[in-house]
Amino acid sequence: MAIRRRRESEAQFGQILQALQELPAEKVTEVLDFVQYLQKRYAGARPIDDSESWSEEDIRDFAAASFAYAQATIWAEEDADE
250 MAIRRRRESE AQFGQILQAL QELPAEKVTE VLDFVQYLQK RYAGARPIDD SESWSEEDIR
310 DFAAASFAYA QATIWAEEDA DE
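Residue numbers (my numbering): 250 to 331.
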């Protein structure tokens, strides 16, 4: 999955570079300004981990969310029936 995404990204980089070469200089400056805006907007955003494996944190988060869901739905219905 990660390899395919990397290849897609590399292909997109190539397309972007080719398109930039065909633009007038002032338009390249506008593109650079937009890219810098995106960098500022998404600065600090963690990249998405598209690996297939679960970290310990993922497992803890899933267990906590499952428990909270069970409390709010399944067990709450059982308590209401009593």
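C-beta: ideal position from N, C-alpha, C; glycine also. No experiment lies behind these values; they were computed from the predicted model shown.
Quiz item: In terms of residues, what are the limits of the alpha helix (DSSP H) holding L281?
Solution: Here residue 281 is taken as the residue at index 32 of the sequence shown, counted from 1. Taken as a continuous stretch (DSSP letters only), the alpha helix (DSSP H) holding L281 covers 274-290.
Quiz item: What three-state label does DSSP hand A312 in the structure shown?
Solution: Mapped onto the sequence shown, residue 312 falls at position 63. A312 falls in the helix class under three-state DSSP.
Self-check item: Contact belief for L269 with V280 at Cβ below 8 Å, rounded distance in angstroms
Solution: Walking along the sequence shown from the start, residue 269 turns up at place 20. Walking along the sequence shown from the start, residue 280 turns up at place 31. Right, their Cβ atoms sit about 6 Å apart.
Quiz item: Hey, how far is the Cα of L266 from the Cα of A294?
Solution: Stepping through the sequence shown from its first residue, residue 266 is reached at position 17. Stepping through the sequence shown from its first residue, residue 294 is reached at position 45. Rounded to whole angstroms, L266 to A294 spans 25 Å at the Cα level.
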